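Protein chains in written order, with full-length UniProt numbering: chain A, 1 to 209; chain B, 1 to 209; chain C, 1 to 209; chain D, 1 to 209.
Where is the CB? At the ideal position from N, CA and C, for every residue including glycine.
Quantities reported herein were computed from a predicted structural model and do not represent experimental measurements.
One structure is given here, and the rest of the page talks about it.
Protein chains: 4
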Amino acid sequence: MTAVTDGLSRVERRKAETRREIIDAAFTCFAEQGYHATGIADIAARLGIGHGTFYRYFANKRDIVEHVITDLIDRIVAALGAENAPDAVSTLEAYRAQTERIGNALAQIFTEDPRMPQLLISAAGIDDAMRERMLELFEMTTPLTAAYLEHGVREGYLRADLDIEPTAQSINGMILGSLLVGMRDPSPQRQARLSAAIRAVMYDGISRR
Amino acid sequence: MTAVTDGLSRVERRKAETRREIIDAAFTCFAEQGYHATGIADIAARLGIGHGTFYRYFANKRDIVEHVITDLIDRIVAALGAENAPDAVSTLEAYRAQTERIGNALAQIFTEDPRMPQLLISAAGIDDAMRERMLELFEMTTPLTAAYLEHGVREGYLRADLDIEPTAQSINGMILGSLLVGMRDPSPQRQARLSAAIRAVMYDGISRR
Amino acid sequence: MTAVTDGLSRVERRKAETRREIIDAAFTCFAEQGYHATGIADIAARLGIGHGTFYRYFANKRDIVEHVITDLIDRIVAALGAENAPDAVSTLEAYRAQTERIGNALAQIFTEDPRMPQLLISAAGIDDAMRERMLELFEMTTPLTAAYLEHGVREGYLRADLDIEPTAQSINGMILGSLLVGMRDPSPQRQARLSAAIRAVMYDGISRR
Amino acid sequence: MTAVTDGLSRVERRKAETRREIIDAAFTCFAEQGYHATGIADIAARLGIGHGTFYRYFANKRDIVEHVITDLIDRIVAALGAENAPDAVSTLEAYRAQTERIGNALAQIFTEDPRMPQLLISAAGIDDAMRERMLELFEMTTPLTAAYLEHGVREGYLRADLDIEPTAQSINGMILGSLLVGMRDPSPQRQARLSAAIRAVMYDGISRR
DNA sequence: CATGAATGAGGGTTCATTCAT
DNA sequence: AATGAATGAACCCTCATTCAT
């Protein structure tokens, strides 16, 4: 009768739901207090479940943070992917507009939930493997941006001599920077000015013509 | 004879020296194993002192990491300040060359001691206050870069319509990005390409003329 | 039709059957991993039943081990009893042969299922009450052996001056020793030599005539 | 000034003393409540030390029981070794007397401190490795007894056709049996009768001449 | 009646911090 | 002043047991 059973029984759905809730609670705890300051008991208490219950859903503390981070990355990638259509435009004007849309989408993710960047930073300090994942996350965005650049070069509205990969990394660096700035001053004004400045640098550079 | 030690007794000098050594040892430990994985005993052992002695020089674990980070920031600021002469040049050509020098200097700091960025990341995860300090560190570089931009605008070789502050932040974002990339692939080739790409974007943008 | 199931409904028979299966599964688990290392879940998993079901048949973990041990003791006693016919023989020759048969029967019980002695040892470590039961088990064998001795004395082929009870205990001690030796080296050769040595000591002693 | 400094400083002596005390306290706890029922906190509480202190002296719970057992075995071996002089006698009479002395010495060890056999049994149930050690302990006594037998055969007062090793094991089995009996009824009368019965069986066997 | 999700007491272990020597 | 032995709060994790479905 239920519309989207997806082949899962009621218990299985309930179980998946609890997993989700634990991930969300853990997300909040880790973001608010940091990984090390968060006890399994804190996560359980936030949900009103016994802390033993936690271990029915996740193997250990490391396991949950892994899932929280994976989940977070998935959300970011989904948000980026939603706007991802490198070959949708064919003029510089249209491209600039697209850039602005993508930037806004990203800004929204992080501004909407300020715990996100906090968690990312907190996670990077957990251990070597986690730091590596965070760096990977940053590098994962390189091909996304690179695809836009490649398309632009092919279409002829971007410079033919671009060294695509490092250029993409530079652009993503600017976005990362705006994220950090946004953590201290999340005002829309600041974000708007930053966003405009990034586009100005990105498309025209700072040299006087 | 040295200015700083003037007026300090021999004991006081010895004490300052030990503090220095503890900070250095802690720096190494924190960078190598991370803040939480490092025990006071590890720091003391590295110096060959009793771990009780540590507490005669620093109030607690939080205290030492504070000093380690302050020390690290000082070193970075010093390195940046050494090359800091926004008004030394008056043509775009000279400015580009200066940018390259500054970039190289910065790259050297972090490449020379790869534990530095690791420590910064590790530190950002300690607690809210520490994360704030890390963000502050990033913002601290804004006026430095902004000074160059201002000078360039005044001299006429940079665009007159630059929104100085966010533009400086964007440029610093690119530098930060190159740092992260450098943590995974510290090869000089990669750094050189990135450095070149940053300058290309920065001065000319990516639009086809 | 069978005597034991007479008067039991089908459900009751099924219930008894499940109890039997749980005891057997528990026996295997306890013997293989030891009492403390065995979880209720292990026992249930081995049977493919839910571990909640376990508690419908036994009150708790202590309860099941009690039953496992009782069951084990019953099997040992049955095996001993089967060969038990102290008054079947009337000459030393026949008695020696009978001893050998009994020894073989016992050896077979333990060699057949090497988990038995392991379980007995494991059980003895559970708590005071269990240790007591294990000691009782050993003492329970005293009258069995004593019966043979008494008969032999009465028949005249054993020494008249035997202090029956402690003598029986001594003989049983030799059997216990052979059991322990058999746990580390269960080879038939070793068992055969031990068995022969026990009989040699037992009947003739070690003194040169 | 102190007579037996043995090259140890005062702190080192104090440390060794504390180790001793912990081993003793653990011995008592393990023997009284069993290994699993004993918490590190119990051991520490018995000594009036913090339970964290325990870990300055022993790596973990397994480590302490290892030391307790080793210590116990050492004491047993020392007691056996003290009376160990297989070639001190040359007649059956003297040998019987020696056997009685050894038996008494052994009985005294275990009667004196009834926790000893309890601990041995408890230990055997800890895990496979421990059970193995307990079996080894029993086998360790084989060569001791075997040495006496060999000497007796060589001197001519024991039967020439003894299969030394299994015979030694049989004799040790009788001793083990008397130990178990002694755990339930430690009265000297019982021990005396058992001891006499063992010697009677051992030297003369039970056959009527 | 069977199930297994939920529970929380309990225990081992770590380590920052204190303080007597 | 230096030391390191002692401490116990804190935390992760297990598993026997309960009970709603």
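- Looking at the DSSP output, D/Leu158 bridges to C/Ser207.
- The beta carbon of C/Asp185 does not come within 7 Å of any beta carbon belonging to chain D, so the residue lies off that interface.
- Sequence-distant Cβ neighbours of C/Ser195 in its own chain, meaning closer than 6 Å and more than five residues away, are Gly103.
- If you check each beta-carbon in the UniProt domain "HTH tetR-type" (16 to 76) of chain D against every beta-carbon of chain C, the ones closer than 8 Å belong to Gly34, Tyr35, His36 and Ala37.
- For B/Phe54, the closest of B/His67, B/Arg46, B/Ile40 and B/Val65 by C-alpha to C-alpha distance is B/Ile40.
- D/Leu162 is the residue among D/Ala79, D/Gly81, D/Leu162 and D/Thr38 whose C-alpha sits nearest the C-alpha of C/Arg193.
- Within the same chain, Ser122 come within 7 Å of D/Gly34 by CB-CB distance, once the 5 residues on both sides are set aside.
- For A/Ala97 and B/Ile64, the gap between their C-alpha atoms comes out near 49 Å.
- The C-alpha of B/Ser9 lies about 23 Å from the C-alpha of B/Ala59.
- Each residue's CA atom was taken as its position, placing A/Arg208 and B/Ala146 some 16 Å apart.
- Using a C-beta cut-off of 8 Å, the stretch 156 to 174 of chain B makes no contact with the stretch 63 to 77 of chain B, since fewer than three inter-stretch Cβ pairs fall below that distance.
- Counting only runs of at least 3 residues, the stretch 98 to 177 of chain B fully encloses no beta strand (DSSP E) element at all.
- Counting only Cβ-Cβ distances below 9 Å, D/Ala124 has contacts in chain C at Ile121, Ser122, Ala124 and Gly125, in chain order.
- Contact with chain A is found for B/Val181, since one of that chain's Cβ atoms lies less than 7 Å from the residue's Cβ.
- Straight-line measurement puts the Cα of D/Gln118 at about 9 Å from the Cα of C/Ala124.
- B/Ile171 and B/Met202 have their C-alpha atoms roughly 7 Å apart.
- Out of D/Val11, D/Ser187 and D/Gln169, the CA that lies nearest to the CA of C/Gln191 is found in D/Gln169.
- Put simply, the backbone Cα of B/Ile76 is about 8 Å away from that of B/Ile109.
- One finds nothing in chain B with a Cβ atom closer than 7 Å to the Cβ of A/Ala97; even the nearest lies about 14 Å away.
- Annotated as proximal: D/Cys29 and D/Thr38, with beta-carbon spacing under 7 Å.
- When only Cα atoms are considered, D/Leu149 and D/Arg133 end up about 25 Å apart.
- Assignment of C/Ser90 by DSSP, reduced to helix, strand and coil, places it in the coil class.
- Burial state of A/Ser178 is buried, judged by a 10 Å Cβ sphere holding 16 or more other Cβ atoms.
- Ranking D/Pro188, D/Thr141, D/Gly173 and D/Leu135 by CA distance to the CA of C/Asp185 puts D/Leu135 first.
- Taken in chain order, no unbroken stretch of beta strand (DSSP E) lies wholly in the UniProt domain "HTH tetR-type" (16 to 76) of chain A with a span of 3 residues or more.
- Flagged as an interface residue toward chain C: D/Gln169, by a C-beta distance shorter than 7 Å.
- Residue environment for A/Val11: exposed (fewer than 16 other C-beta atoms within 10 angstroms of its C-beta).
- Under the three-state reduction of DSSP, D/Glu83 is assigned to coil, being neither helix nor strand.
- Selection D/Ala82, D/His151 and D/Ser187 evaluated against D/Ser90 yields D/His151 as nearest (Cα-Cα).
- When secondary structure is reduced to three states using DSSP, A/Pro188 falls in the helix class.
- For a cut-off of 8 Å, the C-beta gap from D/Ala107 to C/Thr167 is around 18 Å, too long to register as a contact.
- For a cut-off of 8 Å, the C-beta gap from B/Ile206 to A/Leu176 is around 18 Å, too long to register as a contact.
- Per DSSP, reduced to three states, the secondary structure at A/Ser195 is helical.
- For C/Arg115, the CB contacts under 6 Å within the same chain, skipping 5 residues up- and downstream, are Ala31 in chain order.
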